[in-house]
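Participant: Note that this note's numbering numbers the sequence shown so that position 239 is 485, with each residue one more than the last. Think of the CB as a built atom: it goes at the ideal place given N, C-alpha and C, for glycine as much as any other residue. Computed from a prediction, not measured in an experiment: that's the story for all the values here. Dropping the structure in here first, questions after.
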Amino acid sequence: MRRFGFFVHPLDMRDVVRIAPQAEGKRKPLVEKILEWTPPHEVAHITGLKCADGEEAEGWFIGITLFPHQFLELPKDFVFQRIYEGALIAKEKGAQILGLGGYSSVIGKGGVELQALMPDLPMTSGNSCTTAAALDATARAAERIGIRISEAKVAVVGGSGSIGSVCAKIFAANEPAAEIVLIARNQRRLEKVADDIHAETGKKVTTCNSVKDGIKDADIVISATSSSGDIIKADYMKSGALICDVSLPHDVCREVASLRPDVLVIEGGLMQIPEGVDLNYNFGFDPGIALACMTETMVLCMEGRFEPYSIGRGLQIDKVREIYKLAERQGFTLAGFRSFERLVTDEMIDSVIKAKKQRSC
Ligand SMILES: NC(=O)c1ccc[n+]([C@@H]2O[C@H](COP(=O)([O-])OP(=O)(O)OC[C@H]3O[C@@H](n4cnc5c(N)ncnc54)[C@H](OP(=O)(O)O)[C@@H]3O)[C@@H](O)[C@H]2O)c1
Numbered sequence: 247m248r249r250f251g252f253f254v255h256p257l258d259m260r261d262v263v264r265i266a267p268q269a270e271g272k273r274k275p276l277v278e279k280i281l282e283w284t285p286p287h288e289v290a291h292i293t294g295l296k297c298a299d300g301e302e303a304e305g306w307f308i309g310i311t312l313f314p315h316q317f318l319e320l321p322k323d324f325v326f327q328r329i330y331e332g333a334l335i336a337k338e339k340g341a342q343i344l345g346l347g348g349y350s351s352v353i354g355k356g357g358v359e360l361q362a363l364m365p366d367l368p369m370t371s372g373n374s375c376t377t378a379a380a381l382d383a384t385a386r387a388a389e390r391i392g393i394r395i396s397e398a399k400v401a402v403v404g405g406s407g408s409i410g411s412v413c414a415k416i417f418a419a420n421e422p423a424a425e426i427v428l429i430a431r432n433q434r435r436l437e438k439v440a441d442d443i444h445a446e447t448g449k450k451v452t453t454c455n456s457v458k459d460g461i462k463d464a465d466i467v468i469s470a471t472s473s474s475g476d477i478i479k480a481d482y483m484k485s486g487a488l489i490c491d492v493s494l495p496h497d498v499c500r501e502v503a504s505l506r507p508d509v510l511v512i513e514g515g516l517m518q519i520p521e522g523v524d525l526n527y528n529f530g531f532d533p534g535i536a537l538a539c540m541t542e543t544m545v546l547c548m549e550g551r552f553e554p555y556s557i558g559r560g561l562q563i564d565k566v567r568e569i570y571k572l573a574e575r576q577g578f579t580l581a582g583f584r585s586f587e588r589l590v591t592d593e594m595i596d597s598v599i600k601a602k603k604q605r606s607c
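Right under this line is the structure:
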């Protein structure tokens with residue numbers, strides 16, 4: 247039996263209430279304190295994984311009970327200790343690989359620091375598969391609404407991050423997007439990524455420190471930030487734009503769903519798991535849907551690839567492509583488009599196509 251561990255954590259109050267209904271109606275500061283006091287623990291046993299080579303696999307979700315902003319704002323030593331304790335639980339369970347889900351990889355240099363502390367337990371952030379799934383979904387959605395990537399201006403919000411920088415690199419390689427702009431707050435890191443992309447692909451990309459200015463005339467926006475969410479407001483995008491929101495919690499404000507029917511927002515990084523796999527945990531998704539970062543951990547385990555895979559901020563294009571092929575071999579496929587937790591309908595697509603046509607008239 248092959249075994250993996252994967253860190254999960256709540257994104258917001260809805261996640262807490264789904265698992266602990268007694269939290270309903272409680273004040274958020276109180277819930278935050280309780281989360282802070284709760285040590286890492288096993289939250290689910292994942293069963294039914296049949297590997298392509300005939301082996302079986304199982305895994306455990308290990309809860310690191312902090313909200314995203316707590317990962318970023320509590321003292322780093324405290325958060326790191328929590329994650330370390332979670333990794334010890336994975337080891338006790340016999341995990342041969344550990345997935346650093348959500349913000350557990352955002353702190354500690356994309357998992358580099360925890361991996362250095364525990365070299366005998368290979369780790370992955372899951373960001374290669376997340377990138378592959380987000381780009382696949384973006385390409386398919388762009389085709390549906392009639393955006394040609396080679397003619398498009400692409401904005402990558404979080405362009406200096408782990409997922410954002412490799413997304414930008416892929417948009418710059420092979421058949422490049424017409425224009426690429428990288429957006430984040432730290433200009434030095436943005437310029438480093440822009441220089442690397444230029445050196446590797448020959449494509450010049452621009453940088454911007456304002457989300458509003460950076461995306462205002464973009465045809466395609468990929469958003470993958472470690473902000474605590476809601477940084478893309480309803481009046482930021484041009485009509486007919488496509489936004490793939492990879493971030494958890496989401497970067498695109500919910501009001502966009504009702505205020506901007508002329509823009510298509512899809513959630514990036516969602517995969518359909520093989521039949522028979524039971525996650526034994528309710529993430530609030532439809533049954534059979536998993537995050538791409540979980541998928542990466544499950545797939546590496548099913549392949550018997552017990553090695554550090556997506557670690558640190560500099561992801562490799564080859565690995566992004568490889569993990570997606572391995573996922574396919576193990577029976578995982580891209581999930582249908584979802585927007586603000588609902589399946590994207592033909593009416594939503596038509597409304598964006600109409601807006602695009604009106605704009606070009
Ligand atoms: N769907 C999935 O399966 C899945 C899987 C993995 C990760 N994720 C999500 O993907 C997101 C990115 O993860 P990552 O590992 O790539 O993070 P990361 O390496 O820490 O990068 C975060 C990026 O966001 C930028 N950023 C942070 N706050 C910002 C703000 N307010 N405005 C503009 N840019 C901002 C950072 O640059 P500055 O600090 O310089 O601004 C950096 O470029 C996270 O939300 C994570 O939860 C989703």
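Within 10 angstroms of its Cβ, does K565 collect 16 or more other Cβ (buried), or is it exposed?
Facilitator: Result: buried.
Participant: Buried or exposed: which applies to A536, given that a residue is buried once 16 or more other Cβ atoms fall within 10 Å of its Cβ?
Facilitator: A536 is buried by the Cβ-count criterion.
Participant: Within its chain, find whatever has a CB closer than 8 Å to the CB of R567; leave out the 5 residues flanking it on each side and keep chain order.
Facilitator: Within the same chain, R567 has close Cβ partners A378.
Participant: Got a sec: does ligand 1 put a non-hydrogen atom nearer than 7 Å to the Cβ of I429?
Facilitator: At least one heavy atom of ligand 1 is nearer than 7 Å to the Cβ of I429, so yes.
Participant: I'd like to know if the segment 498 to 508 and the segment 275 to 290 are in contact, where contact means that at least 3 CB-CB pairs between them fall below 8 Å.
Facilitator: Taking 8 Å as the limit for Cβ pairs, the verdict is that the segment 275 to 290 does not touch the segment 498 to 508.
Participant: Quick one: is the Cβ of S473 within less than 7 Å of any heavy atom of ligand 1?
Facilitator: At least one heavy atom of ligand 1 is nearer than 7 Å to the Cβ of S473, so yes.
Participant: What does the alpha-carbon distance come out to for the pair D463 and M483?
Facilitator: Computed Cα separation, rounded: 7 Å.
Participant: In terms of DSSP beta bridges, what is V400 paired with?
Facilitator: Per DSSP, I426 and I466.
Participant: Is A581 near ligand 1, in the sense that its beta carbon is under 7 Å from a heavy atom of that ligand?
Facilitator: No, since every heavy atom of ligand 1 falls outside the 7 Å radius drawn around the Cβ of A581.
Participant: Does DSSP put H315 in a helix, a strand or coil?
Facilitator: Reduced to three states, the DSSP call for H315 is helix.
Participant: Is A387 a contact residue of ligand 1, with contact defined as CB to any heavy atom under 7 Å?
Facilitator: Checking the Cβ of A387 against ligand 1 gives no.
Participant: Pull up the DSSP beta-bridge partners for T370, would you.
Facilitator: T370 is bridged to G345.
Participant: Short of 7 Å in beta carbon distance, which residues of its chain neighbour S406, apart from the five on each side in sequence? Order them along the chain.
Facilitator: Taken in chain order, the residues that qualify are L428, A430, N432, R435, L436 and V439.
Participant: Can you name the start and end residues of the beta strand (DSSP E) that L537 belongs to?
Facilitator: Taken as a continuous stretch (DSSP letters only), the beta strand (DSSP E) holding L537 covers I535 to L537.
Participant: Please tell me whether I468 and V402 are closer than 8 Å, where the distance is taken between their beta carbons.
Facilitator: Their beta carbons are under 8 Å apart, which means I468 touches V402 by this criterion.
Participant: Give the DSSP-derived three-state secondary structure of L488 in the structure shown.
Facilitator: Three-state DSSP puts L488 in a strand.
Participant: I believe C539 touches T376 by the beta-carbon criterion, under 8 Å. Please report the beta-carbon distance rounded to the nearest angstrom.
Facilitator: That pair is a contact at about 5 Å.
Participant: Using DSSP's beta-bridge definition, name the partner residues of E304.
Facilitator: In the DSSP output, where bridge partners are listed per residue, E304 has R249.
Participant: For A336, count neighbouring C-beta atoms within 10 Å of its own C-beta (all shown protein chains included) and say buried if the count is 16 or more, exposed if not.
Facilitator: Buried.
Participant: Looking at C-alpha atoms only, which residue of S456, A418, G460 and C454 is the closest neighbour of A445?
Facilitator: Checking every option, the nearest Cα to that of A445 belongs to A418.
Participant: Under 7 Å from any heavy atom of ligand 1, does the C-beta of G404 make it?
Facilitator: Because some heavy atom of ligand 1 lies under 7 Å away, the Cβ of G404 counts as near it: yes.
Participant: Among R386, F326 and R390, whose alpha-carbon lies nearest the alpha-carbon of M364?
Facilitator: Checked all of R386, F326 and R390; the closest Cα to M364 is F326.
Participant: Rounding to the nearest angstrom, what Cα-Cα distance links A423 and K272 in this structure?
Facilitator: Using only the alpha carbons, I get a separation of about 47 Å.
Participant: How many angstroms separate the CA atom of E425 from the CA atom of Q518?
Facilitator: Taking the straight line joining both Cα atoms gives about 32 Å.
Participant: To the nearest angstrom, how far is it from the Cα of Q576 to the Cα of P275?
Facilitator: Distance between the alpha carbons of Q576 and P275: 42 Å.
Participant: Out of curiosity, what's the CA-to-CA distance linking L589 and E521?
Facilitator: The straight-line gap from Cα to Cα measures roughly 20 Å.
Participant: Once the 5 residues before and after M594 are set aside, which same chain residues still bring their CB inside 8 Å of it?
Facilitator: Here the set comprises P507, L510 and S585.
Participant: Got a sec: does ligand 1 put a non-hydrogen atom nearer than 7 Å to the Cβ of I477?
Facilitator: For ligand 1, at least one heavy atom lies less than 7 Å from the Cβ of I477.
Participant: Which two residues bound the contiguous beta strand (DSSP E) that contains I292?
Facilitator: Its beta strand (DSSP E) spans residues H287 to K296.
Participant: Tell me the residue span of the alpha helix (DSSP H) that contains M259.
Facilitator: M259 to I265 is the span of the alpha helix (DSSP H), which, as asked, contains M259.
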